[in-house]
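Chains as they are written, first to last, in the working numbering: chain V, 1 to 641; chain D, 1001 to 1488; chain W, 2001 to 2517; chain R, 3001 to 3100. All remarks here apply to the structure that follows.
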Amino acid sequence: MTESFSYVWLIPFLPLLGAFINVFCNRNPRVSGMIACAAVATSFLLVLAVFFQLIGLPAGERSVDVVVYSWITTGTFAVDVAFLIDPLSTVMMLVVTGVGLLIHVYSIGYMGKDTCCVRYFSYLNLFMFAMLILVMGNNFLLMFVGWEGVGLCSYLLIGFWCERQSAANAGMKAFVVNRVGDFAFILGLLLIFLYAGSLTYADVFAVDPNVLAPVITAITLLLFIGAMGKSAQVPLHVWLPDAMEGPTPVSALIHAATMVTAGVYMVARCHALFAQSATAMTAVAVVGAFTAIFAAYIAMTQYDIKRVLAYSTVSQLGYMFLACGVGYFTAGIFHLVTHAFFKALLFMGAGSVIHALEHALEKGKDPQDLRNMGGLSSLMPVTYKSMLLATLAIAGIAPFAGFFSKDLILLGAFVNAPVLWVVALATAVMTAFYMFRLLFMTFGGKTRMNPPETEKVHESSRVITIPLVLLAILSTVGGFIGIPHVFAKGMDRFGGFLAPVFSGLPEAPVPSSSVELALMVLTLLLAAAGIWGAYTVYIRGNTVFDRLVPRALYTLSLRKFYVDEVYDALIVGPIRKIAWGFSRIVDALIIDGGLTLAALTVRSVGNVIRYSQTGVVQHYALIMVIGALVVIVYVTGYLGP
Amino acid sequence: MNMVLPEINLYAVMPQIFLVSSATVVLIVGLFERFRRAIPYLSLVLLAISGVVAVNQLGQDPIAFSDTSPMMVSDDFSLVATLIFIAGAMLTVLISVSYAEARSIGRGEYYALLIYAVSGMSMMAAGTDLFSFFLGLEVLSISLYVLIGFEQREAGSNEGALKYFLLGAFASGFILYGMALLYGASGSTEYEVIAHTLAGERSDAVNLLLLGGLGLLLVGIGFKISMVPFHAWTPDVYQGAPTPVAAFLSTGSKAAGFVVLIRLLDSVFSGLQVDWIPLISVLAVLTIAVGNVVALVQSNLKRLLAYSSIAHAGYMLLPFMSNSQDGSASIIFYLIVYTAMNLGAFGVLAVLTARGSTCATLDDLAGLGSRHPLLAAIMAVVMFSLAGIPPTAGFMAKFYLFSAVVTGGYIELAVIGLLFSGVSLYYYLRIVIWMYMRPAARESADATGRLSYSGMTALCVSALAILAVGVFPSGLLQLAQRAVMTLP
Amino acid sequence: MTDLPLLSLIIWLPVLGAILLLFVKGDVAARWVGFGVTALVFILFAVCFGAFKSHIGDPQFVERIPWIETLGVSYYVGADGISILLAGITALMWPLALLGTWTIVTVRVRAYQVFMLLMQTTLMGVFFSLDLFQFFLFWEGMLIPMYFLIGIWGYERSSMAALKFFLFAIFGSLLMLAAVITLAFLYHQAHGVLTFEMAALYQLAIPPEVQFWLALAFIAAFAVKVPMVPFHTWLPDAIVLAVVLVKMAAYGFIRLTLPMFPDALAELAPLMCGAAAAGIVYGALIALAQSDIRRMIAYSTISHAGFVVLGVFALNQHGIQGAVVHIVSLALSTGGLFLAAMMLVQRRNTWDMEAYGGLWHTIPVFSAFLLIFSLASVGLPGLSNFVGEFLILVGVFQQHAAIAVVAATGVILAAVYMLRMYRKVIFGPLTRDENRGIKDLSFRETAVLACMTLFIIGIGVYPNPVLRTMEASVQKLLVQTHRLAETAPAGTSGTSTEAASRPVGLDATRGISQDNR
Amino acid sequence: MIPVTYYLILSAVLFLIGTTGVLIRRNAIIVLMGIELMLNGANLSFVAFAREFGMADGHIYVFLVITVAAAEVAIGLALVILLFRNRGTVNIDEVRSLRW
């Protein structure tokens, strides 16, 4: 069995090899892109092979461990470098390598001019390696390796233009905030090992629930905190918007399609554990829902095109966690996949716009600012069309990809947690609103650029547009892999494929098909409402909302609820002060000063004795005599009985 | 009334006889101006001969000088002690040569007195009777008085001599009175008889006499070994004395004092332990503390070494508490090592300050590492050894000494001693810092570029000895242990 | 196995080299001799390692020659899994260090080589000694070369730093000396023979209250050198040798404190763990506030050293093995970090982070290496430090979960101060002109750092060879510790009792019990 | 006949007088005399004891001590003369260049 899969180690290894070649053997910018793409393409093909091989197997046996070598072994602690091939990891591998491949190609066009694109592509490949390790590992520790690896690459890629101070800071912020999550994650692993006696998924999930009972909630919550860090859930979301400092393809790959979804993957992977703790599930659902609406609310007022997308990503991730939280893990993963398609596309489209404007706009004007755009639809048709499709998809308009996944999530929420369902619904409206706001401000209406600039704007090159088109197609039809039962029985290929993974879960109650249809219609209507709102405001220029919405709410959204400021005031600042205090006061003053003081005391005693040495011989004689008297008196003091 | 003349056995006092006579020879030859240059080497040879004589007698049963009242005895203990003294004296002679030349004190008497002093010490070591001890003590002291004051034109030398003389005579007054009391208590001054009296039934009066005598003796000997509070003279005298003499003073006469102390406390007065153990331990700790703490704040090297020698005396007092063979052996071993170390340290100073001021300060050492690498290296070895860092002999000595203390059950004393020896590192290492990590401040004491060969040989010998003993201490350890076997 | 006295060769060859150096003229020649000798030592070690049988827990390549009979001391060397690893990292680092400082050390080159060689001898001696007295001899003897290395080739205020270090160290080891003597004395009382042989002293049954004090004395000696807060203030000035000292001190903990005083450990181990965790956070916090690269590295070392101690006093296999791995990787990562920093400072001759910035494009190769070393000491998985840290945490978590949590916060802080340093030095705009001219690493420097990097990654991705080498020895050590603990009335060695209450019972002794069957 | 105790007391008194002299007199010569007095105090008790025990050795010791004392005095006077040459004074409390 295993033998037939023994080649899977190549899947992560090839990108690593690509990075290696680019670092050590290649100095030519042109070639570097090719090498990177070739590496990813090969592993994509391999993933396809794995996929079909897996399909070929009976559903029951679609979970295979492939041990490469034994990694860390001390006494009772044993962890292998081994890969788990099952539908879940395969889906992730497909998304990572597939979308990744497109973005690699796109990068050739986008970064080809950059002086250090060799470095760029080696980072990108390194990221693919880490991400694949993350999704393929068959134990928590290996997942953690990937987990940190992607964090590192994100750090490097965010700070890719490191001569920009802001980029350097953003990279560091991302790494540190993630570390906070990792801290919890590590503790979770320690607890798991302590009680389950292993870190391999198979063993851990097989452990008798009663053994884990006392700590299951702690474990799952700790793991979830880790996920919150990686997947930018409130309150650990602060790093993602800043991460937009990185090159746009990076935002597409890491901060939209793959890395940020690692948290969702992890929760889904550990569904067996999460399912055992109602508390944890609730926490996941609530945090997810809250993040969804919170981020969406902020996204509605941002002007930086990439920041809007960043917040929308956060919001969508919230959806996925909501899905997991209500037990609809399949829905979560489904949304993960579709989101990968359309969000990557959105970022790449935005990238293509920025790319065009960078050259067009005169100095000092920010090419990412929506207020500098407008009316680009005629100038960049391909980009416009593909982004339109993506926007429809994310807005949840049928029959685009987003519709099916989001609908499934809403259904789950409606069934298990009506309150959260309302939240999710509201979020859906906002999503439609801000996404179309973005679309209209970019492409719609008439341009806000001066004529000389508009001349310079033109559609991006093929190598950029082709991936756009491909992704556009995916985000249009991608949803059909999971058609709900109401439309056609047994057409939910996606769910069917993942079914063996989530087989252990209790069957979720399914509402009557009429209710389900009603919900769909409701969602669609609300989405349409959102679109209409955006249209009235940003195309028709209607100021009705300005009059309706209180200023405070608007500022709150524009200032992102002042989260960064609060963190600076409550966490960063104090830690700085404490550190300063420790180093200057405790260390320098108390400890070192104390030692100096002791030394001084001894010295001064020495000096006292020293200066009692007067040099007058009779004083010495006197001391002797006194000494002598003491001695005599003492000795003869002991007279017998 | 008719007296029987006691049978006497000159063989027992051969070493002493040889020493005295060779001193006399040197004295006479010294009268002839033309032999002046040869004198040091002559005295070396003569010392060596007497050394050989002593070695010959090693390992035999103790031989008493006379059967009726053995004034002196030639046992391994006295012989080993004598050998230590002789070795010390030879090194002193070597480091004296250039120094004495430079200050034109290199006359015959100088070396003659040195040898007389040695003979006095060996009498102290061999004496089994308070009077032979006293005789030796006086021979030693009187020669030292002269030696210290030998640089007649140096006010310091003169002052030091006077101080040492007055206080020394004062101290011998105490000793003599103590002897008188002991004589009164036991009707004799022989160690055996006194010990016997102690062992036997004794009245309060006798007891009072004994204890008083012991106390007074302790005062006198405490002066010689510069035990607090009888130490006050040490720094002044070391500073004033010609450097080689100071070296001799800090090793030889101190060693002699300890040898006598071992004989007295461990064999004669062991009966009175309860009385003197607490006293000695307190005084020992005081000595260690004062020596180390004051040395911290000294920048005049001779005074610094003086205080360090006080501290070392303190260490050497500790094993008396355990009052065991090992204890005494560890003291002997420590004395051997200590002699090498201190002669090395003072020797470096002597070589450095052959010309110029008698007292070198830390600044004179600045940059020595680059000016005289060899000299600096020797000094460094000596300093690390004094500080008790392996692989030097100093460590082995300290280790053996403190393990004897611990074995005696006085762990707290050992810990105190060790901690203070940690303090001592500060000033020993400061010297090393000045030599290697400070640029030469001003054109310092040694005007001469080249150093006398004799001096350097002495220093190299002691440095090598320190290292060798540090790595292979077995031989000397066994010697020290053999030496104390013969003690009653 | 070869019949050569391999260990003695490894120990004493550097001394011969030092003697040889006395007759060598010229700096270049001296450098080559120094490097050659250390390289030879490394080769010898490689032979030794090849012949080493990892399934044996007892010392191998044992040599024994009576030395000081009167004190029952003998020259007695041997290598078990733990010591051979530490000796190995020493043998590896020495040639690299000499090569790395090839052009950095320009004054009194010959003396520098001599002292480096002498120090290697003393280190090897410490690791291979099976006789307590001999151990102490090397332990103390090491102070001399270190003293000069710090004092002469250190940076500013170096002579005072050397003195400070020496005084700290000596007070610790003098207490230890007292304890050593007492141990021998106790053994003498019990068995009537005087010996300092460790194996014999392990078997000595010591009344718990005595154990307590003796253990404290030993701990004092090692805690000063590790160093543990608050005995650390010598380190920032004497950083040059920090890595070496961590190695020795931790080894001392493992080799002496653990098996010798099981009962005392019952009380002390939790305290030590607490202190270590405190040290981790403390060091990290202070590193956070430094603007001087050297001090930053120094305090990060303190923090890491905390991890090592933590692992040791977890008193179980994961902890101890993790600690050893961590020591090895510390030598590589922190050593590399410091070496790289020295190379940078050699070019710009300031330790102030603010003086740099924007070096990424000027000296990419250097920046890459610095990044790797920084990430390694941040504990990035796949690099060596992670293995150690994680195992340590696993080990400690079994004993004192709370302490493990505190320690784990160090992981966050480490990321903060390391990346902060990296951002200031490498990232950001290139503001100062004097930074433009900086040359990138020479081939020699690149080779040195690359070699370290290889080992960092190698151990990170495939630590098992290292772990397997010491497994048997560590198990033996623990058997030693815990069996003694069970015989003693106060014996609560943590794991053995808590194991019962634990659901799946991942106690450290389980690994051992398997070993015993 | 006079009991030995008297002699002993006398000798003790002599010793103490000598000691006091050493302690309080500034003139080096007189200090020297004080020391001699101490020695003689000791001698007296020797003789007394010897008489008590009816043995000869005590007396012999005394002779010996007297000789030694003579030698000491010789040296001492020499030193004092040197002192006078060097400093033009014999007051020992003015001789304090070596200190601290």
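All C-beta atoms in this analysis are idealised placements derived from N, C-alpha and C, irrespective of residue type, glycine included. Values in this document were obtained by computation on a predicted structure and should not be read as measured data.
Next item on the list: Verify the CB distance criterion: does D:I978 have a CB-CB separation below 8 angstroms to chain W?
Entry: Since the first residue shown for chain D is 1001 and the last is 1488, residue 978 of chain D is missing from the structure and cannot be characterised.
Checklist line | Residues near D:K1398 in its chain [Cβ-Cβ closer than 6 angstroms; skip 5 each side] | finding: G1388.
Notebook entry, point to check: Contact check, D:I1148 vs D:G1240 under 8 angstroms by CB: the rounded distance?
Noted result: A Cβ-Cβ separation of about 7 angstroms places D:I1148 in contact with D:G1240 under the 8 angstroms criterion.
Notebook entry, point to check: So V:I21 is in the alpha helix (DSSP H); what residue range does that whole segment cover?
Noted result: No alpha helix (DSSP H) contains V:I21, which DSSP labels as neither H nor E.
Check: Distance, Cα to Cα, W:Q2120 vs W:L2006?
Finding: About 15 angstroms.
Check: the region 609–638 of chain V: which residues have C-beta closer than 8 angstroms to a C-beta of chain R, in chain order?
Finding: Hits within the stretch, in order: R610, Y611, Q613, T614, G615, V616, V617, Q618, A621, L622, V625.
Notebook entry, point to check: Under 9 angstroms Cβ-Cβ, which residues of chain W neighbour D:V1484?
Noted result: Neighbours of D:V1484 on chain W: none; closest Cβ ~13 angstroms, over 9 angstroms.
Notebook entry, point to check: For the region 1247–1307 of chain D, which segments carrying the alpha helix (DSSP H) assignment without a break, of at least 4 residues, lie completely within its bounds, in sequence order?
Noted result: Counting only runs of 4 or more, we get 1254–1261, 1273–1296.
Next item on the list: Please report how far the alpha carbon of W:A2376 lies from the alpha carbon of W:A2249, in whole angstroms.
Entry: Near 22 angstroms, if we compare the C-alpha coordinates of W:A2249 and W:A2376.
Notebook entry, point to check: Between which two residues does the beta strand (DSSP E) carrying W:G2078 extend?
Noted result: Run containing W:G2078: 2073–2079, per the beta strand (DSSP E) assignment.
Margin query: According to DSSP, is V:Q53 part of a helix, a strand, or is it coil?
Written below: Three-state DSSP puts V:Q53 in a helix.
Check: R:L3098 touches chain V at which residues, Cβ-Cβ below 7 angstroms?
Finding: Within chain V, the residues near R:L3098 are G615.
Item checked: Distance between beta carbons of D:M1121 and D:F1085, contact taken as under 8 angstroms -> Contact check for D:F1085 and D:M1121: beta-carbon distance about 5 angstroms, within the 8 angstroms limit, so the pair qualifies.
Next item on the list: Express the C-alpha separation of R:V3095 and D:L1176 in angstroms, rounding to a whole number.
Entry: About 28 angstroms.
Notebook entry, point to check: With D:S1022 and D:I1095 assumed to form a contact (beta carbons below 8 angstroms), what rounded beta-carbon distance in angstroms separates them?
Noted result: Contact annotation, D:S1022 with D:I1095: C-beta distance approximately 20 angstroms; criterion of less than 8 angstroms not satisfied.
Next item on the list: Would you decide whether W:Q2211 is buried or exposed? Buried here means 16 or more other CB atoms lie within 10 Å of its CB.
Entry: Residue environment: W:Q2211 is assigned as buried (16 or more neighbouring CB atoms within 10 Å of its CB, all protein chains considered).
Check: chain D beta carbons: is any one of them nearer than 8 angstroms to that of V:N607?
Finding: Under the Cβ criterion of 8 angstroms, V:N607 is counted among the residues facing chain D.
Check: CA-CA distance, V:F497 and W:V2309?
Finding: Cα to Cα, the separation comes out at about 50 angstroms.
Note to self: Under 8 angstroms, Cβ to Cβ, is there at least one residue of chain W near V:G640?
What the structure shows: Summary for V:G640: the model assigns pLDDT 40, below 50, so the residue's position carries little reliability; its value from the coordinates is reported in the next sentence. No, because no Cβ of chain W sits closer than 8 angstroms to the Cβ of V:G640.
Notebook entry, point to check: Can you list, in chain order, the residues of its chain whose CB lies under 7 angstroms from that of V:F175, leaving out five sequence neighbours each side?
Noted result: For V:F175, where only same-chain residues beyond five positions count, the Cβ hits under 7 angstroms are G151, Y155.
Check: Do W:I2206 and W:L2186 have their C-beta atoms within less than 8 angstroms of each other?
Finding: Result yes, Cβ atoms of W:I2206 and W:L2186 sit closer than 8 angstroms.
Margin query: So, does the region 414–423 of chain V touch the region 295–311 of chain V, judging by three or more C-beta pairs under 8 angstroms?
Written below: Touching, no.
Next item on the list: Report yes or no: is there a C-beta of chain R within less than 8 angstroms of the C-beta of D:A1350?
Entry: For D:A1350, the closest Cβ of chain R is not nearer than 8 angstroms.
Check: Buried or exposed: W:N2316, going by 16 or more other Cβ atoms within 10 Å of its Cβ?
Finding: With a threshold of 16 other beta carbon atoms within 10 Å, W:N2316 meets it and is buried.
Item checked: Within 9 angstroms of chain R by C-beta, residues of the region 1269–1290 of chain D in sequence order -> Cβ contacts with chain R: none found.
Note to self: Give me, in chain order, the residues of the same chain whose beta-carbon lies closer than 6 angstroms to that of V:H237; leave out the 5 immediate sequence neighbours on both sides.
What the structure shows: If you ignore the 5 residues before and after V:H237, its C-beta comes within less than 6 angstroms of the C-beta of V314, all in its own chain and listed in chain order.
Notebook entry, point to check: Within the 8 angstroms Cβ cut-off, does D:G1057 reach chain W?
Noted result: Note on residue identity: the sequence assigns Gln, not Gly, to residue 1057 of chain D. Chain W contact via Cβ: absent.
Check: In chain order, what residues of the same chain lie with their CB nearer than 6 angstroms to the CB of V:P235, ignoring the 5 residues before and after it?
Finding: If we look at V:P235 and ignore the five residues flanking it on each side, it has no Cβ neighbours.
Checklist line | Ordered list of beta strand (DSSP E) runs contained in the region 1121–1193 of chain D, each at least 3 residues | finding: Within the region 1121–1193 of chain D, not a single complete beta strand (DSSP E) segment reaches 3 residues in length.
Checklist line | From V:A272, V:G197, V:G288, V:L253, residue whose alpha carbon lies closest to that of V:A227 | finding: Nearest neighbour of V:A227 by Cα position, chosen from V:A272, V:G197, V:G288, V:L253, turns out to be V:G288.
Notebook entry, point to check: Would V:P641 be called buried (16 or more neighbouring beta carbons within 10 Å of its own) or exposed?
Noted result: Only weak support is given to the placement of V:P641: the predicted model assigns it a pLDDT of 34, under 50, and the value that follows is read from those uncertain coordinates. Label assigned to V:P641: exposed.
Next item on the list: Return the CA-CA distance between V:V521 and V:A528, expressed in angstroms with no decimal places.
Entry: Pairing V:V521 with V:A528, the inter-Cα distance amounts to about 10 angstroms.
Next item on the list: Examine chain D for any beta-carbon lying closer than 8 angstroms to the beta-carbon of R:L3016, and answer yes or no.
Entry: Chain D, which has no Cβ nearer than 8 angstroms to the Cβ of R:L3016, makes this no.
Next item on the list: Pick helix, strand or coil for D:A1199, following the three-state DSSP scheme.
Entry: D:A1199: helix per DSSP, three-state reduction.
Margin query: Within a Cβ cutoff of 6 angstroms, which residues of the same chain sit near W:L2258, ignoring the five residues on either side of it in sequence?
Written below: If we look at W:L2258 and ignore the five residues flanking it on each side, its Cβ neighbours are T2481.
Check: Pick from V:G56, V:A344, V:S198: whose alpha carbon is nearest that of V:V95?
Finding: Closest option to V:V95, Cα to Cα, is V:A344.
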